[in-house]
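Counting along the sequence shown from 1, when you hit position 285 you're at 284 in numbering that gives the first Met the number 0, and nothing is skipped either side. C-beta: ideal position from N, C-alpha, C; glycine also. Note sheet for the following structure.
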Amino acid sequence: MKLHRALPRAGAALKAPIQPQPRPITARATSISTARTISSSTTTSAGLMRQGRAPAENPGATRCPLPLRQSRHHASSAPDSLSTGPLKKTALYDLHLAHGARMVPFGGYHMPVQYADQSVSASHHFTRSHASLFDVGHMVQHRFSGPGAADFLQRVTPGSIAALQPHHSTLSTLLWPGTGGIVDDTIITRLPTEHPDDQHLFYVVTNAACRDKDLAYLGEELRGWDGAEVRHEVLEGWGLIALQGPLSEETLAKVLVAGSSSEAPPPNLRELYFGQSAFARVRGAERPVLASRGGYTGEDGFEISTAPSDAAAVAEALLAAGGLGGGPEEERGMRLAGLGARDSLRLEAGMCLYGHDLDDGTTPGEAALSWGVGRDRRATADPARGAFHGAEVVLAQLTPRAKGGRGVERRRVGLVVEGAPAREGAEILAAAAADGQGQGEGGERIGVVTSGCPSPTLGKNIAMGYVRDGLHKAGTEVEVLVRGRRRKAVVTKMPFVPTKYWKGPPAA
0 MKLHRALPRA
10 GAALKAPIQP
20 QPRPITARAT
30 SISTARTISS
40 STTTSAGLMR
50 QGRAPAENPG
60 ATRCPLPLRQ
70 SRHHASSAPD
80 SLSTGPLKKT
90 ALYDLHLAHG
100 ARMVPFGGYH
110 MPVQYADQSV
120 SASHHFTRSH
130 ASLFDVGHMV
140 QHRFSGPGAA
150 DFLQRVTPGS
160 IAALQPHHST
170 LSTLLWPGTG
180 GIVDDTIITR
190 LPTEHPDDQH
200 LFYVVTNAAC
210 RDKDLAYLGE
220 ELRGWDGAEV
230 RHEVLEGWGL
240 IALQGPLSEE
250 TLAKVLVAGS
260 SSEAPPPNLR
270 ELYFGQSAFA
280 RVRGAERPVL
290 ASRGGYTGED
300 GFEISTAPSD
310 AAAVAEALLA
320 AGGLGGGPEE
330 ERGMRLAGLG
340 ARDSLRLEAG
350 MCLYGHDLDD
360 GTTPGEAALS
370 WGVGRDRRAT
380 ADPARGAFHG
390 AEVVLAQLTP
400 RAKGGRGVER
410 RRVGLVVEGA
420 PAREGAEILA
430 AAAADGQGQG
440 EGGERIGVVT
450 SGCPSPTLGK
460 NIAMGYVRDG
470 LHKAGTEVEV
480 LVRGRRRKAV
490 VTKMPFVPTK
500 YWKGPPAA
């Protein structure tokens with residue numbers, strides 16, 4: 000498969016030096032504080048618990064004080080009551096108002112929760128059958144470059160970052176040293192560079208509500224970095240648009256245009272697979288965008304990073320291509336969608352939401368994210384040999400206790416709940432077997448729900464949460480305390496709804 004390389008001048012957005020750019024401090028690592036304000040300069044890829052409970056214990060971990068103040072101001076699918084200071088606006092704020100959006104505080108921004116023409120449930124179904132456009136411009140977009148960029152990212156995450164090929168992405172987690180707790184979840188993309196001897200350019204997306212914590216964490220890590228030079232920029236004001244649903248490819252293809260004669264032609268989207276990206280030009284936009292195949296809904300789709308001044312033009316072009324700009328109602332292939340539908344879609348897809356399903360006291364092993372620990376990252380827990388933060392805890396947890404390893408005390412699971420839906424904070428209880436031989440005493444607390452909602456697709460109540468190790472296997476019967484009543488539930492494999500990522504045609 001042939002992926003299109005960066006358009007020669009397109010890359011300027013993401014690859015060329017930022018203008019104007021503060022001079023880096025005289026050190027091998029450039030602190031975030033030296034490049035906090037970026038004008039127009041770069042592009043993107045993708046991004047995924049409000050913490051009301053105490054961090055879970057990690058067996059064997061030394062609970063030393065964390066090096067930075069831990070923010071408890073996390074993402075929430077409910078209006079963000081913890082926001083302080085004036086709310087920010089994404090580049091699509093005016094477009095949302097023009098289309099009848101109901102705006103709520105979320106991650107420090109005014110964000111649309113739904114639109115006047117659709118209920119949350121209808122928007123959810125429309126995304127599954129057609130395509131929806133989500134504004135995710137509140138996410139924090141970063142650029143890491145320099146000869147030490149790959150090694151630095153491998154210090155703070157357990158992913159195989161150095162092995163990433165240009166225009167390929169990986170989901171990973173920022174981890175705390177000593178405990179392996181998750182600072183935030185992130186998507187990291189390696190991008191091509193204009194200079195053959197410089198293969199160290201990465202585009203990283205993190206969560207909006209973790210912004211202050213993440214920037215403090217990264218700043219401290221960069222100040223303590225003793226490897227080769229790392230340059231870090233925060234891409235302020237850049238747009239990020241999630242186009243999700245089975246008609247996403249068809250819609251995006253309609254708005255791609257050829258650039259100048261010196262630029263590559265528009266990418267063949269059929270050959271752009273899940274986890275890959277390409278630079279492209281969109282009708283009406285002055286600068287190229289970075290289109291990354293993936294998303295947060297379980298559907299096929301793209302996340303499109305745009306220059307600040309182009310976000311509205313790209314969104315309008317996509318909406319017009321999907322028929323929202325006019326034509327019969329029944330012929331519309333795309334609509335705008337808000338946070339409400341995004342939350343139910345991501346839960347059906349088994350996706351975590353930081354501040355709900357992940358937090359500083361949860362490790363990748365507990366969160367069922369061990370697959371994100373690269374095979375080549377499992378050989379050592381020694382920082383002097385390139386180990387990632389918290390490796391001494393995370394690697395020890397990879398072998399289950401049933402097989403003689405340390406394992407974990409709790410595991411993230413999916414649940415299908417009878418009766419009323421279980422919401423965050425609901426207690427999960429052991430279910431006593433009819434013969435009295437059940438695992439655990441009936442009614443004993445064995446875990447907690449971290450996310451839950453009625454599933455529009457399945458017509459059932461689904462939830463995500465953590466249960467005691469040994470009670471995590473699919474088919475295990477438990478109970479959930481919902482509004483003071485014990486409801487039957489069963490541990491269920493995730494995703495609840497099969498994902499539809501485009502990974503290429505089926506093998507013959």
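Below 6 Å CB to CB, which residues in the same chain sit around residue 271 once its five sequence neighbours on both sides are set aside? 277 and 292
Reduced DSSP secondary structure (H/G/I, E/B, other) of residue 341: helix
Could you compute how far the alpha carbon of residue 269 sits from the alpha carbon of residue 178? 42 Å
Any idea which residues DSSP pairs residue 168 with across the strands? 188
Tell me, which residues are paired with residue 231 by DSSP? 143
How far does the alpha helix (DSSP H) with residue 302 in it extend, from its first residue to its last? Here residue 302 belongs to no alpha helix (DSSP H); instead the beta strand (DSSP E) covers 300-305.
Rounded separation between residue 446 and residue 387 - CA only: 29 Å
Quick check on the DSSP output: the beta strand (DSSP E) that includes residue 112 runs from which residue to which? 108-114
Under the three-state reduction of DSSP, which class applies to residue 159: helix, strand or coil? coil
Taking just the CA atoms, how far does residue 497 sit from residue 505? 16 Å
Three or more C-beta pairs closer than 8 Å, one from the segment 226-236 and one from the segment 107-118: is that the case here? no
Is the beta carbon of residue 488 closer than 8 Å to that of residue 408? no
According to DSSP, is residue 452 helix, strand or coil? strand
According to the neighbour-count rule (16 or more other Cβ atoms, all chains shown, within 10 Å of its Cβ), is residue 212 buried or exposed? buried
Considering only DSSP beta bridges, list what residue 104 is partnered with. 109
List the residues that DSSP assigns as beta-bridge partners of residue 267. Paired residue(s): none; residue 267 is not in a bridge.
What whole-angstrom Cβ distance do residue 466 and residue 427 have, given they're in contact under 8 Å? 6 Å
Helix or strand or just coil, what does DSSP make of residue 437? Only weak support is given to the placement of residue 437: the predicted model assigns it a pLDDT of 47, under 50, and the value that follows is read from those uncertain coordinates. Residue 437: coil per DSSP, three-state reduction.
Residue 473, buried or exposed, once every other Cβ within 10 Å from all chains shown has been counted against 16: exposed
Buried or exposed: residue 261, going by 16 or more other Cβ atoms within 10 Å of its Cβ? exposed
Near residue 252, what residues of its chain come up, given a Cβ to Cβ distance below 6 Å and the 5 sequence neighbours on each side ignored? 268
Out of 145, 368 and 393, which one is the CA nearest neighbour of residue 380? 393
Distance, residue 259 Cα to residue 220 Cα: 41 Å
Residue 463 and residue 299: beta carbons closer than 8 Å? no
For residue 149, the three-state DSSP class (helix, strand or coil): helix
Taking the beta carbon of residue 376 as the centre, do at least 16 other beta carbons fall within 10 Å, making it buried, or is it exposed? buried
Going by beta carbon distance, what residues of the same chain come within less than 8 Å of residue 275, once the five residues before and after it are set aside? 2, 166, 167, 168, 291 and 292
When you compare only the Cα positions, how much space is there between residue 460 and residue 414? 8 Å
Taking C-beta to C-beta, are residue 331 and residue 321 nearer than 8 Å? yes
Can you round the beta-carbon distance between residue 241 and residue 202 to whole angstroms, since I take them to be within the 8 Å contact cut? So it is not a contact: roughly 16 Å between Cβ atoms.
Does the Cβ-Cβ distance between residue 117 and residue 345 come in under 8 Å? no
Pull up the distance between the alpha-carbon of residue 349 and that of residue 123, whole angstroms please. 15 Å
If the criterion is Cβ atoms closer than 8 Å, does the pair residue 341 and residue 244 meet it? no
Could you tell me if residue 508 is buried or exposed, where buried requires 16 or more neighbouring beta carbons within 10 angstroms of its beta carbon? With the chain running from 0 to 507 in the structure shown, residue 508 is simply not present.
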